[in-house]
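Visitor: By this note's numbering, the letter at position 420 of the sequence shown is numbered 498, and the numbering carries on one by one without gaps.
Here a beta-carbon is modelled for each residue, glycine too, at the ideal position from N, C-alpha and C.
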Amino acid sequence: MNASVAGHTTLLVVGGGISGMTAALEAAECGREVVLVERSPTLGGRTALLHRYFPKMCHPTCGLEINLRRLRANRKVRLLTMTEVTAVSGRAGDYAVTLKQRPRYVNERCTACGDCARAVSAKIRNPYNYGLDEIGAAHLPHGMAYPQRYVLDPSIIGTPEADKARAACKVDAIDLTMTEQTLSLNVGSVIWATGWKPYDAARIQPYGYGRFANVLTSLEFERLADPAGPTGGRLLRPSDGQPAKNIAFIQCAGSRDENHLRHCSRICCMASLKQTQYVREAYADASARSTIYYIDIRAIDRLEDFNAMVHADPTVAFVKSKVARIALNEGNGNLVLHGVDTEGYHRYATEHDLVVLAVGMQPETDGVQLPDDIVLDSSGFIEGCSSGGQFGAGAASGPLDVNRSVQSATAAALRGIQVVHRAMRAEKQ
């Protein structure tokens with residue numbers, strides 16, 4: 079089904095994470111019409127999956143809840159979830175955009191009561207916990223999901239499980255006839271806030287990710303520490319479910335490496351410093367130990383105090399070294415890290431019961447249908463476009479933390495508004 083929506087005075091924001099939400103809201107609150115597109119069932123992106131922000135160690139609800147309240151109150155933002163951009167053509171002030179919207183199989187009548195989820199027994203790997211556990215095939219993505227509406231996984235459509243979900247719904251919100259739709263838009267400017275994805279840790283072969291169960295990425299560890307995560311916030315080894323109390327954090331896992339990512343991902347040092355505090359909090363008797371293996375710690379301006387606090391923590395040790403390889407102790411399932419400590423230049427073979435890889439950031443533009451005139455830097459992040467009407471925002475434009483992503487998104491919104499205003503003036507002349 080085709081439908082034409084929006085107009086050349088409208089801004090299109092692609093990506094509904096913290097950057098996309100910010101760009102959409104800033105533009106809308108300046109009076110512009112905005113279409114906000116997100117390919118998953120819910121807004122929030124990776125920010126919604128954090129356990130805590132650094133350096134204040136507060137939960138993401140601190141920032142996301144405010145943006146969601148602003149979004150609910152603003153009628154100038156049209157939200158399209160489960161939607162992807164398939165084509166963009168035209169020029170600054172006059173773009174034709176084609177979108178593909180996948181079916182949710184749950185309509186606007188949904189009250190998020192959960193009856194459908196209780197009726198369906200089928201399970202899928204939980205993408206919001208990075209596959210560390212399972213979630214029902216009829217589910218609310220996570221506690222902060224917006225819109226607060228359930229979704230049915232396509233794997234159960236056409237099976238008795240889907241019929242159970244429909245029968246259980248008292249408000250007739252399950253619509254199994256939904257199909258993929260095509261939407262056509264005309265917009266004045268496009269803001270790409272497609273976010274980032276973690277570098278594939280399995281490609282760093284000496285570290286054994288995917289071969290050794292007790293090697294996790296920093297994103298997986300973030301979910302492990304969250305009370306809403308796969309272990310209820312307990313730091314347990316995936317191999318045997320035992321408490322992890324001697325944890326190694328390896329910095330620059332894939333970053334600053336000509337064989338992987340050439341750039342510094344900027345957030346990794348602070349993420350590991352933050353995660354050592356999860357370990358301290360998990361064991362009130364301070365019996366657990368964290369060791370950070372690093373090239374150098376990059377913490378600047380307002381973050382330096384946090385860095386100094388962690389360095390003063392007696393439960394945290396620092397080893398200046400790029401770990402060469404990881405081996406498995408078959409007897410106890412522990413991991414043995416091999417390398418050279420560059421402060422003293424002595425070799426080590428140190429055993430830990432869990433290893434966390436601080437993986438680098440890659441732009442989430444892989445698999446996204448970007449227009450031909452989009453300009454990318456050497457790492458694939460969006461610099462802009464040759465016609466001057468499309469902009470990168472947040473982590474789509476470079477490796478940024480939440481705070482700097484919000485600043486970047488605000489700047490992108492202002493640039494998009496300028497493009498629209500120039501188009502409006504040209505139309506009147």
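Rounded to the nearest angstrom, what separates A170 and A105 at their Cα positions?
Guide: 17 Å
Visitor: So what does DSSP say about C194, is it helix, strand or coil?
Guide: helix
Visitor: Comparing alpha-carbon positions, which option in V453, A473, G476, E429 lies nearest G466?
Guide: V453
Visitor: Where A245 and A215 are concerned, what is the direct C-alpha to C-alpha distance, given to the nearest angstrom?
Guide: 15 Å
Visitor: Do A251 and T189 count as a contact pair if the criterion is CB distance below 9 Å?
Guide: yes
Visitor: Between V498, L127, G494, which has its C-alpha nearest L302's C-alpha?
Guide: L127
Visitor: Can you list, in chain order, the residues of its chain with a C-beta nearer than 8 Å to that of V418? Leave out the 5 residues immediately preceding and following it.
Guide: S399, A402, H424, R425, Y426
Visitor: Which same chain residues, not among the five before or five after Y287, have their C-beta less than 6 Å away from its C-beta?
Guide: Closer than 6 Å at Cβ, skipping near neighbours: A279, A280, V293.
Visitor: Can you list, in chain order, the residues of its chain whose CB lies under 7 Å from that of N185, leaving out five sequence neighbours each side?
Guide: A251, D253
Visitor: Which one of N337, V498, Y228 has the shortest CA to CA distance from S118?
Guide: Y228
Visitor: Closest to L90 by C-alpha separation, out of A174, F327, W274, N407, would be which residue?
Guide: A174
Visitor: Let me know if R315 comes out buried or exposed under the rule of 16 or more other beta-carbons within 10 Å of its beta-carbon.
Guide: buried
Visitor: Of the choices A102, L218, E421, E359, whose alpha-carbon is the least far from that of Y372?
Guide: E421
Visitor: If distances are taken between C-alpha atoms only, which option among V265, I328, T309, C463 comes closest to L351?
Guide: I328
Visitor: Based on DSSP bridge pairs, tell me the residues matched to L89.
Guide: V112, S267
Visitor: Compare the Cα-Cα distances from N407 to each of A386, T393, E429, P392 and report the closest residue.
Guide: E429
Visitor: Between G93 and A474, which are expected to be in contact by the criterion C-beta below 8 Å, what is the C-beta distance as a whole number of angstroms?
Guide: Taking 8 Å as the upper bound for CB-CB distance, G93 and A474 are in contact here, some 7 Å apart.
Visitor: Whole angstroms are fine: how far does the CA of R482 sit from the CA of V446?
Guide: 23 Å
Visitor: By how many angstroms is the C-alpha of R340 removed from the C-alpha of R203?
Guide: 32 Å
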